[in-house]
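Written below as structure tokens is the structure these notes are about.
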Amino acid sequence: MTRRFGTPPERGREYTLRPGVYAILPRDGALLLTHQADPEPEYQLPGGGIDPGESPLRALHREVLEETGWRIAGARRLGALRRFTFMPDYDIWAEKLCTIYLAFPVYQLGPPSEPGHHAVWMPPEVAVHSLGNPGDRHFVKRYL
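For the sequence shown, the numbering used here gives the first residue as 2, with consecutive numbering after it.
Printed below as a string of structure tokens:
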């Protein structure tokens, strides 16, 4: 069973299933996070949606690179969560099915290519309180 985080789904509202992948990325005692400026400033685990025909691991590598500028290795699935939320970039109400991985940043290629994202290194103990959604915080607590 996949645990739900955040607000429950609203009765009568249609949600689009949006599978995604996200990663806890430790290195040298810190976690690599992304800070997204819009629609509201928020620290997040790097990751995002899986494109049609794309494998989850390929999506994870692509999303982490786009949002942080880093290549990763050694991805291992930790679990999954569900969130019901409005996605303003897509103008949809989504049921986000988020698979969380542990992976390791190995090489920085450059800055993030995703507009509005900035790579941030943060101590895990601080990340637990700084991440913008309760699902991310839950998995970082479990990692600790």
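Don't be surprised by glycine CBs; every beta carbon is placed ideally from N, CA and C.
Keep in mind the model is a prediction, meaning the values are calculated, not measured.
Contact check, residue i vs residue j, beta carbons under 8 angstroms
i: residue 23; j: residue 58; result: no
i: residue 14; j: residue 94; result: yes
i: residue 130; j: residue 6; result: no
i: residue 48; j: residue 21; result: yes
i: residue 69; j: residue 113; result: yes
i: residue 117; j: residue 38; result: yes
i: residue 82; j: residue 4; result: yes
i: residue 127; j: residue 36; result: no
Spatial neighbours of residue i in its chain, beta-carbon cut-off 8 angstroms, leaving aside the 5 residues before and after
i: residue 124; result: 30, 31 and 32
i: residue 86; result: 7, 8, 94, 95 and 97
i: residue 104; result: 24, 25, 26, 61, 65, 73, 74, 75, 76 and 77
i: residue 10; result: 16, 85 and 96
Residue i - containing beta strand (DSSP E), residue span
i: residue 8; result: Taken as a continuous stretch (DSSP letters only), residue 8 belongs to no beta strand (DSSP E), as it is neither H nor E.
i: residue 78; result: 71-88
Residue i in three-state terms, based on DSSP
i: residue 14; result: coil
i: residue 146; result: Nothing in the structure corresponds to residue 146, since the chain is present only between 2 and 145.
i: residue 98; result: strand
i: residue 1; result: Nothing can be reported for residue 1, as the shown portion of the chain is limited to 2 through 145.
i: residue 64; result: helix
i: residue 57; result: helix
i: residue 1; result: Examination of residue 1 is not possible in this model, given that the chain is present from 2 through 145 alone.
i: residue 117; result: coil
i: residue 50; result: strand
i: residue 112; result: coil
First through last residue of the alpha helix (DSSP H) which encompasses residue i
i: residue 128; result: 125-131
i: residue 144; result: 135-144
Beta-carbon proximity list for residue i, same chain, < 7 angstroms, skipping 5 on both sides
i: residue 133; result: 43, 44 and 45
i: residue 115; result: 67 and 68
i: residue 106; result: 26, 28, 33, 71 and 73
i: residue 52; result: 60
Sequence-distant residues of its chain with Cβ nearer than 6 angstroms to residue i (five each side left out)
i: residue 88; result: 95
i: residue 19; result: 50, 95 and 97
i: residue 99; result: 21, 23 and 82
i: residue 119; result: 36
Paired residues, beta bridge with residue i - DSSP
i: residue 27; result: 32
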